[in-house]
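>
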Amino acid sequence: MPALTLVIPAYNEGPRLAEGFSRLAPTLDQLGAHEVEIIIIDDGSSDDTLRQAHLVYGHLAGLRVVRHDTNLGKGAALRLGLSLATGDAVITADADMAIHPHHAAQLVSALERVDVAPGTRAIDGHILYDQRLRTYAGALFNRLARHYTGTTLRDTQCGFKGFRLASARLLALISLVEGFAFDLEILYLADRLGLRVEPQLVTWDDVEGSSVRVGRDSRQMLRDMRQLRTTRYENPVVTLPAEVDVDEVRRAVASARLHGPVLARGPRDALVVFSRQGALGALEVAQSLGATLRTATITELRGRAYEAL
Numbered sequence: 041m042p043a044l045t046l047v048i049p050a051y052n053e054g055p056r057l058a059e060g061f062s063r064l065a066p067t068l069d070q071l072g073a074h075e076v077e078i079i080i081i082d083d084g085s086s087d088d089t090l091r092q093a094h095l096v097y098g099h100l101a102g103l104r105v106v107r108h109d110t111n112l113g114k115g116a117a118l119r120l121g122l123s124l125a126t127g128d129a130v131i132t133a134d135a136d137m138a139i140h141p142h143h144a145a146q147l148v149s150a151l152e153r154v155d156v157a158p159g160t161r162a163i164d165g166h167i168l169y170d171q172r173l174r175t176y177a178g179a180l181f182n183r184l185a186r187h188y189t190g191t192t193l194r195d196t197q198c199g200f201k202g203f204r205l206a207s208a209r210l211l212a213l214i215s216l217v218e219g220f221a222f223d224l225e226i227l228y229l230a231d232r233l234g235l236r237v238e239p240q241l242v243t244w245d246d247v248e249g250s251s252v253r254v255g256r257d258s259r260q261m262l263r264d265m266r267q268l269r270t271t272r273y274e275n276p277v278v279t280l281p282a283e284v285d286v287d288e289v290r291r292a293v294a295s296a297r298l299h300g301p302v303l304a305r306g307p308r309d310a311l312v313v314f315s316r317q318g319a320l321g322a323l324e325v326a327q328s329l330g331a332t333l334r335t336a337t338i339t340e341l342r343g344r345a346y347e348a349l
C-alpha cells in the first residue's frame with residue numbers, strides 16, 4: 041500500500057495540468073514519488089484533459105487515470121477517486137494545485153491524530169480572492185453553510201483536504217451530492233459520524249481559470265446545501281459479529297469484485313458498508329459469510345471503528 045493517495049478531479053483542465061504538476065513536483069520529490077499514488081478523475085472533459093493527464097503524469101509509477109463518459113460533477117469525480125484510493129492517507133487537490141502542495145506533509149502529520157484534516161484558507165475568518173465578486177460569493181456561501189448545517193468551519197470549499205483511508209472510503213460511500221457542494225457535504229457527514237476533524241491553515245495562490253460558474257453553480261450549491269439536513273442517508277450493510285476477522289471479510293469482498301467497502305466495528309456487531317450501487321455484490325458477500333443484508337442509517341454508523349477493505 042502507498043503511504044499517500046492524491047485524488048485530483050479534472051474537468052476541462054487540459055491547459056492547467058502541466059502548470060499544476062510543476063507546483064506539485066517538489067513535494068513529490070520530498071515525499072518520495074514511489075510512496076504516492078495519484079488518481080486523476082477526468083470528469084467527462086470535452087478538451088484534451090485525458091491526453092494531458094497521461095503526458096504530464098504518465099511517468100509516475102503510481103498513476104491511475106479514470107474517465108467519466110459524461111460530466112457528472114466534482115462531487116461524483118471525488119467520490120470515485122476516494123473509493124479507489126489505497127494509501128494510508130488520502131488528500132484531495134484541485135488540478136491547478138492552487139493550494140501550495142508542500143502542505144501535504146502537514147496534512148499527513150495531522151492525520152496521525154485525527155480522521156479528517158481539511159485545509160483552510162480563512163485568515164481571521166475571511167478568504168480574500170483576487171476578484172471582489174468571488175470574495176463576496178464565498179463569504180455568503182459560508183454564512184449560509186453555517187446556517188443550514190451548523191458547521192463552524194470558515195472554509196468548507198477548500199479543495200485540499202486530508203483523510204484517513206477508512207474515513208475517505210466511508211464518506212465516499214455515504215455521500216450523495218454530485219456537484220461543488222460535495223465539499224460541504226463530506227464535512228457535514230464527518231460531523232454526523234463523529235469523526236475527529238482538525239482544520240489546517242494553508243497558503244495558496246488565486247489561480248485563474250476556475251470551472252466554477254458563480255451564477256448557475258451557486259444556485260445548485262444552495263439547493264444541495266438546504267437539503268443536507270433533511271436527506272435520509274442509508275446504505276446496504278452486512279451485519280457480522282463484532283470480533284469478525286477483517287481478513288476473512290476482505291477475501292469475501294475481493295471475491296465479489298467490489299472496491300471501496302468499509303468495516304464499521306461497534307461493541308455489539310460489525311457492519312460492512314457498501315455503496316448504494318453495490319447491493320448485488322453486497323448480497324454475494326452476505327451469502328459468502330453466512331450473514332444478512334439490510335440497510336443502515338448514518339446514526340447506526342456513528343462512533344464506530346472503521347477499517348478499509
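Going by my numbering, the letters in the sequence shown line up with residues 41 to 349, in that order. Glycine included, C-beta positions come from ideal geometry on N, C-alpha and C. For clarity, every value in this text was computed on a predicted model and none was experimentally measured.
From the DSSP output, in three-state form, read off residue 307 for me.
Against the sequence shown, residue 307 aligns to sequence position 267. Correct three-state label for residue 307: coil.
> I'd like the span of the alpha helix (DSSP H) that includes residue 99, first residue to last.
Here residue 99 refers to the residue found at position 59 when the sequence shown is read from its first residue. Premise fails: residue 99 is in no alpha helix (DSSP H) and is neither H nor E.
> Name the residue from 188, 276, 303, 293 whose alpha carbon lies nearest to the alpha carbon of residue 270.
Against the sequence shown, residue 270 aligns to sequence position 230. When C-alpha distances from residue 270 are compared across 188, 276, 303, 293, the shortest belongs to 188.
> Can you give the Cα-Cα distance for residue 316 and residue 41, rounded to whole angstroms?
For the purposes of this step, residue 316 is taken as residue 276 along the sequence shown, with counting starting at 1. For the purposes of this step, residue 41 is taken as residue 1 along the sequence shown, with counting starting at 1. Approximately 26 Å, taken between the alpha carbons.
> Less than 9 Å between the C-beta atoms of residue 57 and residue 93, yes or no?
Residue 57 sits at position 17 when you count from the first residue of the sequence shown. Residue 93 sits at position 53 when you count from the first residue of the sequence shown. In contact: residue 57 and residue 93 (Cβ atoms closer than 9 Å).
> Suppose the cutoff is 8 Å on Cβ atoms and the five residues either side in sequence are ignored; what does the same chain contact list for residue 91 look like?
Residue 91 sits at position 51 when you count from the first residue of the sequence shown. Closer than 8 Å at Cβ, skipping near neighbours: 54.
> Assuming residue 205 and residue 230 form a contact by the criterion Cβ under 8 Å, report the distance between their Cβ atoms to the nearest whole angstrom.
Along the sequence shown, one-based indexing puts residue 205 at 165. Along the sequence shown, one-based indexing puts residue 230 at 190. With a Cβ gap of about 14 Å, residue 205 and residue 230 do not count as contacting.
> Just grab the DSSP bridge partners of residue 338 for me.
Here the question's residue 338 lines up with position 298 in the sequence shown. Bridge partners of residue 338: none, in fact.
> Tell me whether residue 202 sits in a helix, a strand or coil according to DSSP, three-state version.
Residue 202 sits at position 162 when you count from the first residue of the sequence shown. Here residue 202 sits in strand by DSSP.
> By DSSP, does residue 154 sit in helix, in strand, or in coil?
Stepping through the sequence shown from its first residue, residue 154 is reached at position 114. Note: residue 154 maps to coil in three-state DSSP.
> Report the residue from 225, 199, 141 whose alpha carbon sits nearest the alpha carbon of residue 70.
Start at 1 with the first residue of the sequence shown, and residue 70 comes out as number 30. Considering only 225, 199, 141, the residue with the shortest C-alpha distance to residue 70 is 141.
> Taking the alpha carbon of residue 306 as the reference point, which residue from 312, 290, 282 has its own alpha carbon closest?
On the sequence shown, position 266 is the one that residue 306 refers to. Nearest to residue 306 by alpha-carbon distance, out of 312, 290, 282, is 282.
> Restricting to Cα atoms, I'd like to know which of 143, 176, 155 is closest to residue 199.
Counting from 1 along the sequence shown, the entry for residue 199 is found at position 159. Of 143, 176, 155, the residue nearest in Cα terms is 143.
> Quick check: what's the CA-CA separation for residue 182 versus residue 197?
If you number the sequence shown from 1, residue 182 lands on position 142. If you number the sequence shown from 1, residue 197 lands on position 157. The straight-line gap from Cα to Cα measures roughly 9 Å.
> By alpha-carbon positions, which one of 285, 221, 294 ends up nearest to residue 264?
Residue numbering aside, residue 264 sits at position 224 when the sequence shown is read from its first letter. It is 221.
> How far does the beta strand (DSSP E) with residue 347 in it extend, from its first residue to its last?
Taking the first residue of the sequence shown as position 1, residue 347 is located at position 307. Run containing residue 347: 345–348, per the beta strand (DSSP E) assignment.
> Mind listing, in chain order, the continuous alpha helix (DSSP H) runs of no fewer than 4 residues lying wholly within the region 223–292?
254–267
> Three Cβ pairs or more, each shorter than 8 Å: is that satisfied between the region 325–335 and the region 224–244?
no
> Should residue 190 go down as buried or exposed, given a rule of 16 or more other Cβ atoms within 10 Å for buried?
To locate residue 190, count along the sequence shown from 1; it is residue 150. Answer is exposed; the Cβ neighbour count stays below 16.
> Using only alpha-carbon positions, find the residue among 348, 152, 97, 225 that is nearest to residue 291.
The count along the sequence shown starts at 1 and reaches residue 291 at position 251. Per the Cα distances, 348.
> Per DSSP, residue 81 is paired with what?
Start at 1 with the first residue of the sequence shown, and residue 81 comes out as number 41. In DSSP, residue 81 forms a bridge with 49, 106.
> For residue 126, report the span of its beta strand (DSSP E) as first-last.
As a working mapping, residue 126 is identified with position 86 in the sequence shown. It is not in any beta strand (DSSP E) - residue 126 carries neither H nor E in the DSSP assignment.
> Given residue 324, which residues of its chain have a CB within under 6 Å of its CB, disregarding the five upstream and five downstream residues?
Within the sequence shown, residue 324 is the residue found at index 284, counting from 1. Closer than 6 Å at the Cβ level, and outside the excluded window around residue 324, lie 296.
> Less than 9 Å between the beta carbons of residue 215 and residue 119, yes or no?
Counted from its first residue, the sequence shown places residue 215 at position 175. Counted from its first residue, the sequence shown places residue 119 at position 79. Result yes, Cβ atoms of residue 215 and residue 119 sit closer than 9 Å.
> Tell me the residue span of the alpha helix (DSSP H) that contains residue 325.
Here residue 325 refers to the residue found at position 285 of the sequence shown. Note, residue 325: alpha helix (DSSP H), 319–329.
> Candidates 98, 108, 97, 67: which alpha carbon is nearest residue 84's?
Taking the first residue of the sequence shown as position 1, residue 84 is located at position 44. Answer by Cα proximity: 108.
> Looking at residue 313 and residue 303, is the spacing between their C-beta atoms short of 9 Å?
By one-based count along the sequence shown, residue 303 stands at place 263. By one-based count along the sequence shown, residue 313 stands at place 273. Yes, the Cβ-Cβ distance between residue 303 and residue 313 is below 9 Å.
> I need the straight-line Cα distance from residue 339 to residue 98, nearest angstrom please.
Taking the first residue of the sequence shown as position 1, residue 339 is located at position 299. Taking the first residue of the sequence shown as position 1, residue 98 is located at position 58. Roughly 42 Å between the two C-alpha positions.
> With a CB to CB cut of under 6 Å and the five nearest residues on each side skipped, what residues in its chain are close to residue 103?
Numbered from its first residue, the sequence shown carries residue 103 at position 63. Closer than 6 Å at the Cβ level, and outside the excluded window around residue 103, lie 78, 97.
> Using only the alpha-carbon positions, how far apart do residue 257 and residue 242 sit?
Within the sequence shown, the letter at position 217 stands for residue 257. Within the sequence shown, the letter at position 202 stands for residue 242. C-alpha separation (whole angstroms): 25 Å.
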